[in-house]
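Take a look at the structure set out below.
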Amino acid sequence: QVQLVESGGGLVQPGGSLRLSCAASESIFSFNAMGWYRQAPGKERELVAVITRLGRTNYGEPVKGRFTISRDNAENTVSLQMNSLKPEDTAVYYCKAFRNEYNYWGQGTPVTVSS
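In this text, residue positions in the sequence shown follow the numbering used here: the first is 100, and each later residue adds one.
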């Protein structure tokens, strides 16, 4: 059973930065892609960023230019550097691992952007 464990969430002031990390229980190279999604209260879960096995990235429009996704195949981790945070970035952030036959989700880590 694949396990994904997110960390790094917390409370940050507007304009600040946070770095989220997702640790996988097996080689992330075995997945087609890894991604971050978020879900704010009362809203649907949305794409934040995805990175493929070959390192191609894709970002949701609200975070383009502010967030950066990266992967460390040796450490089996995927990170999300979040800069210039806004109150509307407040949400629970989830890690996702993509495979042809099944996708896996982490438990989520909450991020609150507030003064």
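For each residue, glycine too, the CB sits at the ideal point set by N, CA and C.
DSSP, read as helix, strand or coil, puts Ser129 in helix.
Between the beta-carbon of Leu184 and that of Val147 there is about 12 angstroms, and that puts the pair past the 8 angstroms contact cut.
DSSP places Pro140 outside both helix and strand once states are collapsed to three, so it counts as coil.
Shown here, Pro209 sits in a strand according to DSSP, grouped into three states. As the crow flies, the alpha-carbon of Val191 is around 17 angstroms from that of Thr167.
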